[in-house]
Amino acid sequence: MKINLTEGLNLRVEGEIGKYNTLPVEYLVKLAQNLQQLLQDIAEHQLEVDGAIDLSNFKVELSGFGIGSAIPEFKFTPRIKAVTSGDILQQRKFVNDKFENYLEVANGGDYSEIRNLIPQVATRNIIVEDLYNFTTTFGNSPFSIVQLKRGKITPVYKINKFKTDVKEKLITTITQSKDLKEEFDAVAKVRIIKRGGIVKRSTQETFVGKHTDTAFSTDTIVHNSRAYILSSPLLCKLEKEDDYYVIESEMLGIVGTGLSIDDAEQNFSEEFHYIYQRYNDLSEKEMSERIRRIKSIINAIVSKIEE
474 MKINLTEGLN LRVEGEIGKY NTLPVEYLVK LAQNLQQLLQ DIAEHQLEVD GAIDLSNFKV
534 ELSGFGIGSA IPEFKFTPRI KAVTSGDILQ QRKFVNDKFE NYLEVANGGD YSEIRNLIPQ
594 VATRNIIVED LYNFTTTFGN SPFSIVQLKR GKITPVYKIN KFKTDVKEKL ITTITQSKDL
654 KEEFDAVAKV RIIKRGGIVK RSTQETFVGK HTDTAFSTDT IVHNSRAYIL SSPLLCKLEK
714 EDDYYVIESE MLGIVGTGLS IDDAEQNFSE EFHYIYQRYN DLSEKEMSER IRRIKSIINA
774 IVSKIEE
């Protein structure tokens with residue numbers, strides 16, 4: 474892995490646009506938007522890691538400028554949003570690796586290779602458009618991915634021109650039969666009105682696909698006299714198995730159960746407290762890679778502790 478979007482990605486712009494070691498604001502905005510759209514579409518349409526996703530975890534932030542032409546640096550946002558399930562760091566690594574695959578194609582210049590990398594037509598259409606927009610951000614000005622170490626600039630990937638006619642050949646028109654049958658699960662927000670002995674229900678909104686999990690959300694976790702104040706709400710799965718309610722954060726590997734939702738929440742809080750204390754007491758040698766990831770996430774989302 475030559476690039477790491479968690480640590481930072483340096484993009485070098487040369488030619489007419491970058492000759493003054495500056496970057497016009499309109500190009501900086503366009504670059505950030507095109508890069509972020511590509512990463513978020515990889516996450517939304519290609520992510521093969523289990524768990525729910527929040528696309529805001531794949532936003533990028535400007536983190537610095539380097540010397541030598543115009544070299545802005547971008548990285549994944551440190552403002553992590555918890556999801557009901559899944560490992561955010563693992564999801565980010567998957568997106569990082571996919572993005573690097575496309576950079577390798579851009580470096581070689583044979584964009585027809587994308588057809589082999591993405592056999593699914595609908596997904597390929599989206600990624601091809603995103604990659605074309607990203608690689609043509611600066612028009613004819615040379616554009617590359619570089620590494621900065623001790624003031625030295627090392628080229629990593631050259632972004633070769635993605636020609637419009639090649640892009641058009643990679644885009645496939647999708648036609649859909651009117652008789653096509655589709656089946657999918659959905660959950661709904663329902664308004665219930667009780668008047669006398671009559672109950673009326675009306676569906677306000679439906680959610681399908683990745684948005685069908687029922688959820689438990691909290692921004693404060695209380696255990697005895699200690700309160701963990703979170704930087705953003707922690708989203709967890711909320712399910713009922715037989716007579717028990719289950720609150721689960723797959724991201725943190727924590728499960729709380731109880732005969733009521735309140736009991737499940739209390740049990741979840743006890744487990745959260747134990748995990749926080751235990752993992753922060755362990756030395757590096759005592760932790761597995763999974764525990765390191767969980768420790769990193771849990772420390773990132775706890776903004777303060779009140780006694």
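In terms of the numbering used here, the numbers along the sequence shown are unbroken and rise by one, the last being 780.
Beta carbons are placed, not taken as given, at the ideal position from N, Cα and C, and that holds for glycine.
If you look at E499, you'll find it isn't in any beta strand (DSSP E); it sits in the alpha helix (DSSP H) that goes 498–519.
In this structure, the CA atom of E779 is about 48 Å from the CA atom of E577.
DSSP places G731 inside the beta strand (DSSP E), whose first and last residues are 727–731.
In this structure, A525 lies away from L707, with their beta-carbon atoms at least 8 Å apart. The Cβ atoms of I727 and I702 lie no closer than 8 Å to each other. Residues of the same chain with a CB within less than 8 Å of the CB of V522, apart from the 5 flanking positions on each side, are G559, D560, Q563, Q564, F567 in chain order. Burial check for T693: the Cβ neighbour count within 10 Å stays below 16, so the residue is exposed. Per DSSP, the continuous alpha helix (DSSP H) segment holding L562 begins and ends at 561–581. Excluding residues up to 5 positions away in sequence, G729, T730, G731 lie with their Cβ nearer than 7 Å to the Cβ of N740 in the same chain. Per DSSP, R763 is one residue of the alpha helix (DSSP H) stretching across 762–774. Annotation: the continuous alpha helix (DSSP H) that includes E489 extends over 488–491. In summary, P545 is buried, with 16 or more beta-carbon neighbours lying within 10 Å of its beta-carbon over all protein chains present. Each residue's CA atom was taken as its position, placing L604 and I515 some 11 Å apart.
Y605: not part of any beta strand (DSSP E); member of the alpha helix (DSSP H) spanning 594–608, first to last residue. For P615, DSSP records no beta bridge to any residue. Here L512 is not near V486, since their CB atoms are 8 Å or more apart. A direct Cα-Cα distance of roughly 20 Å separates T608 from A595. The Cβ neighbour count for T637, taken over all protein chains shown within 10 Å, is under 16; the residue is labelled exposed.
T479 and P551 have their C-alpha atoms spaced approximately 8 Å apart. Comparing C-alpha distances from L501 to each of D527, L528, M474, G537 shows the shortest one belongs to G537.
For R588, the enclosing alpha helix (DSSP H) starts and ends at 587–590.
About 15 Å separates the beta carbon of A688 from that of L725, a gap too long to meet the 8 Å contact definition. In the DSSP secondary-structure assignment, R699 is bridged to H696. Annotation for K640: no beta strand (DSSP E) segment contains it, though the alpha helix (DSSP H) segment containing it runs 637–643. Nearest to N697 by C-alpha distance, out of Y717, L520, Y718, H746, is H746.
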